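Numbering (UniProt numbering), first residue to last: 1 to 756. Here is the structure we will look at.
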């Protein structure tokens with residue numbers, strides 16, 4: 001999909017050369033981008049900052065809306081449509097950081113500078129997001145209409161008639177969200193507001209924020225007289241961490257406010273060209289030792305759960321001399337045929353790199369599985385250079401094999417190998433791209449085993465590749481095993497992300513963490529059933545809810561790398577300027593969804609859906625819709641010229657209500673057993689289209705059932721009282737969803753006459 005997008009942008013830039021800017025303009029032709037590299041065309045044209053594109057199917061419409069060029073007409077159509085990047089006339093970036101979470105808002109103005117004023121085109125918005133980005137909302141303001149996104153429950157989504165095409169809303173890549181705004185007139189100025197959340201990276205006691213903010217040259221207006229204003233506002237509230245030191249920034253920020261754990265920066269300037277670098281900012285905390293605290297906050301009024309919230313966070317500090325654990329590691333690798341190619345090769349490379357980082361006192365083993373299981377060694381091997389060399393050679397000979405996916409048996413083997421360890425931290429790394437039928441049973445069995453294993457029981461770290469594996473099963477398995485979960489749908493990121501998972505686990509500095517009040521206080525609910533370990537490379541956050549009064553003092557206990565006990569007092573603070581419900585919402589939704597999947601609890605599903613809707617975070621139990629509001633209707637409503645009475649039985653729908661379009665599912669789902677059984681490879685996922693019967697029912701819900709007198713089949717022809725663009729969409733949906741076969745010579749929409 002990324003390659004198709006890049007080719008469409010390349011075609012669009014070629015079409016943009018037709019645009020004439022007038023004799024009095026400073027620049028006479030559209031900005032010419034530098035030649036892209038022969039390799040990596042897709043990456044070159046992928047958006048590195050928020051972008052808007054004109055979707056061009058008819059190249060004859062491409063022209064300056066203000067100064068027609070009267071060029072020779074271009075015949076033919078662009079199939080697939082070309083994408084012309086729109087020129088941007090202003091951008092405002094606002095970032096609010098709370099601990100390791102950032103909320104980003106970008107407001108910008110674009111102009112449809114490439115389409116004749118007498119014509120219109122769709123406009124496609126691309127939103128690249130930073131580390132672990134999660135889209136929160138899009139708002140678009142046009143002269144006559146406005147658009148916005150919102151999340152609705154699954155039941156409500158079934159009542160929405162209009163369904164968007166896959167290319168009109170969804171993720172082109174896991175970090176790039178796309179949304180299409182229909183039929184915008186040439187020459188129109190578009191105001192857009194984009195919102196998302198992302199995580200700050202943590203390393204060596206330093207937090208780093210990176211926001212995609214590198215604009216290509218060709219979005220700079222060709223007319224130099226146009227004012228180009230760039231603004232960046234950064235607000236940081238670190239919670240209860242004091243002694244903050246700003247380390248580096250990509251743009252010339254000016255400090256405007258500082259108070260203990262809070263500070264603000266501002267950058268504002270008239271520019272000749274837009275920012276050519278991503279916005280980055282880093283700050284460090286003064287403590288070199290492990291420390292932590294607790295944030296408390298009452299829930300907002302709209303929160304479905306009115307219990308108070310708490311957030312315990314632990315930071316490893318910047319002291320690298322802290323001893324890490326001796327390790328016993330078992331790598332459990334899926335080698336079914338679907339892992340063929342990049343997935344398996346990237347996994348092999350990551351494991352070979354991880355083995356090279358093991359110390360001589362560490363030990364390891366490798367298990368590969370499909371329908372059968374294969375072991376590198378019948379027992380754990382000390383991580384000597386010779387053993388690592390033999391393991392690397394053995395692993396390189398492993399290729400994918402046909403067969404079903406069986407996870408329980410190799411997982412049991414790995415557990416048995418690590419069941420009698422002492423003086424070390426045992427770890428299991430499970431890497432798979434498939435789903436299995438006995439996932440809940442695996443979780444139950446591992447929970448029982450680990451519960452009876454005592455201190456320093458085997459940690460289970462899981463990694464999913466693609467969307468056919470059940471991410472919530474892998475998340476729950478990691479939660480049960482005090483481990484870490486990660487997954488990628490972009491195959492190019494497999495090696496990097498697996499190595500990151502290994503690195504975090506190998507850097508564990510505090511294990512078997514407990515918080516004294518959690519076990520003694522029945523009114524406290526912790527969302528994570530088992531507290532994971534603290535790594536030197538990542539802070540740890542534990543969230544939950546409580547009723548009544550929270551304990552006045554709190555202690556966190558654990559085991560250090562030298563196997564000595566560690567106790568830490570946690571500072572308790574009532575958060576005033578931190579929207580704790582928003583900061584914790586993404587983690588809360590993911591953890592509760594995993595629990596809802598495991599327990600098949602409908603109440604938990606409803607709780608997740610409600611939380612998803614109020615915090616605007618995507619979930620498995622909500623769907624995103626695009627709302628279209630007509631400003632003319634709004635003006636009529638405000639003047640009182642048109643009013644719908646609730647008591648009028650003939651007014652089924654409020655004509656002033658926003659028109660809703662249901663976007664394709666944006667969530668990852670709960671795995672695909674059929675795709676796993678067929679060994680379909682990651683990266684070959686098809687868009688999640690609506691069920692054919694669902695489309696048919698929605699499409700025909702307003703059908704008057706009249707017969708076109710020139711067609712041999714029943715057409716869903718709507719009478720002139722309901723005549724609008726939806727008619728064509730209705731027919732398209734029916735014939736596409738049901739694969740209609742027959743003689744359909746014409747499906748004429750009536751306008752007072754029966755199919756005439």
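Just so you know, even glycine gets a beta-carbon here, dropped at the ideal spot from N, CA and C. All values reported here derive from a predicted model rather than from experimental measurement.
DSSP places residue 606 inside the alpha helix (DSSP H), whose first and last residues are 602 to 615.
In the three-state DSSP reduction, residue 274 falls in the coil class, being neither helix nor strand. Annotated three-state conformation of residue 203 is strand, per DSSP.
With respect to residue 465, residue 446 sits apart: the two C-beta atoms are not nearer than 8 Å. Under the three-pair Cβ rule at 8 Å, the segment 207 to 215 counts as touching the segment 85 to 99. Rounded to the nearest whole angstrom, the CA to CA distance from residue 376 to residue 417 is 13 Å. Considered as a whole, the segment 427 to 515 harbours 459 to 465, 485 to 488 and 508 to 515 as its complete beta strand (DSSP E) runs of no fewer than 3 residues, in chain order.
In this structure, residue 103 sits near residue 582, with a CB-CB distance shorter than 8 Å. Counting only residues of its own chain and dropping the five nearest sequence neighbours on each side, residue 287 has a CB closer than 6 Å to the CB of 317. Within 10 angstroms of the beta-carbon of residue 181 lie 16 or more other beta-carbons, which makes it buried. For residue 137, there is no enclosing alpha helix (DSSP H); the residue is found in the beta strand (DSSP E) stretching over 134 to 141. In the displayed model, residue 300 falls within coil according to three-state DSSP, outside both helix and strand. Judged by DSSP secondary structure, residue 565 falls outside any alpha helix (DSSP H) and instead within the beta strand (DSSP E) spanning 565 to 574.
Counting only the Cα atoms, residue 134 lies some 19 Å from residue 484. DSSP lists 262 as the bridge partner or partners of residue 259. Within the segment 328 to 384, the runs of alpha helix (DSSP H) that reach at least 4 residues and sit entirely inside it are, in chain order, 342 to 356. Excluding the 5 residues flanking it on each side, residue 632 has same chain C-beta neighbours closer than 7 Å at 144, in chain order.
If you look at residue 85, you'll find it isn't in any alpha helix (DSSP H); it sits in the beta strand (DSSP E) that goes 82 to 85. Three or more Cβ pairs drawn from the segment 226 to 240 and the segment 264 to 279 lie within less than 8 Å of each other, which places the two stretches in contact. In the structure shown, residue 198 falls within a strand segment according to DSSP collapsed to helix, strand and coil. In this structure, residue 62 keeps its C-beta atom at 8 Å or more from the C-beta atom of residue 106. Per DSSP, reduced to three states, the secondary structure at residue 325 is coil, with no helix or strand assignment.
Around the beta carbon of residue 419, fewer than 16 other beta carbons lie within 10 angstroms, which makes this residue exposed. DSSP, reduced to helix, strand and coil, places residue 517 within a helical segment of the structure shown.
By the neighbour-count criterion, in which a residue is buried when 16 or more other Cβ atoms sit within 10 angstroms of its Cβ, residue 159 is exposed.
A Cβ-Cβ distance of about 7 Å is found for the pair residue 239 and residue 578, placing them in contact under the 8 Å criterion. Residue 622 sits buried, since 16 or more C-beta atoms from the chains shown fall within 10 Å of its C-beta. DSSP places residue 12 within a helical segment (H, G or I) once states are collapsed to three. The DSSP-derived three-state label of residue 308 is strand. A direct Cα-Cα distance of roughly 29 Å separates residue 467 from residue 394. Nearest to residue 368 by alpha-carbon distance, out of 80, 399 and 190, is 399. When the Cα atoms are used, residue 659 and residue 146 turn out to be separated by approximately 11 Å.
Judged by their CB atoms, residue 253 and residue 285 are not nearer to each other than the 8 Å cut-off.
Beta-bridge partners of residue 152 (DSSP): 623. Between the alpha carbons of residue 382 and residue 337 lies a gap of roughly 31 Å. The C-beta separation of residue 261 from residue 237 comes to about 6 Å, placing the pair in contact by the 8 Å criterion.
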